[in-house]
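When you read off a place in the sequence shown, starting at 1, and then add 6, the result is the number in our numbering.
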Amino acid sequence: MKTNKYLEEIKDKSAADLNEELVSLKKELFNLRFQNATNQLANTARIGEVKKNIARVQTLITQKGNM
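Written as structure tokens, this is what we have:
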């Protein structure tokens, strides 16, 4: 499954790397929303995937902060 691979990739990252990943995901989400607004986005499901990945990264950041 695609999400399991993504989780395995980000679980081993440090908090600084996770913050960088979070910034890049937020930029990607902005670009996807912009493309959607201008009717240039072919795969609208990607917006949901990116939102979920942002939530996953934020959860890991919180978990690593509590450790």
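Even for Gly, the Cβ is constructed at its ideal location relative to N, Cα and C.
Nothing here was measured: the structure is a model prediction, and the numbers come from that model.
For N72, does the count of other Cβ atoms within 10 angstroms reach 16, so buried, or fall short, so exposed? Taking the first residue of the sequence shown as 1, we reach residue 72 at position 66. Counting Cβ neighbours within 10 Å, N72 comes out exposed, since fewer than 16 surround it.
Inter-residue Cα distance where the pair is M11 and Q46: Here the question's residue 11 lines up with position 5 in the sequence shown. Here the question's residue 46 lines up with position 40 in the sequence shown. The residue asked about is misnamed: residue 11 is Lys in this sequence, not Met. Take the alpha-carbon of K11 and the one of Q46: they are about 28 Å apart.
In three-state DSSP terms, what is T65? Taking the first residue of the sequence shown as 1, we reach residue 65 at position 59. Residue state for T65 is assigned as helix, using DSSP reduced to three classes.
Under the three-state reduction of DSSP, which class applies to T50: helix, strand or coil? On the sequence shown, position 44 is the one that residue 50 refers to. Annotated three-state conformation of T50 is coil, per DSSP.
CA-to-CA distance, L24 to I67, given in whole angstroms: The count along the sequence shown starts at 1 and reaches residue 67 at position 61. The count along the sequence shown starts at 1 and reaches residue 24 at position 18. Computed Cα separation, rounded: 7 Å.
Report the rounded CA-to-CA distance for N59 versus E26, giving the unit in angstroms. For the purposes of this step, residue 59 is taken as residue 53 along the sequence shown, with counting starting at 1. For the purposes of this step, residue 26 is taken as residue 20 along the sequence shown, with counting starting at 1. Those two C-alpha atoms are separated by around 13 Å.
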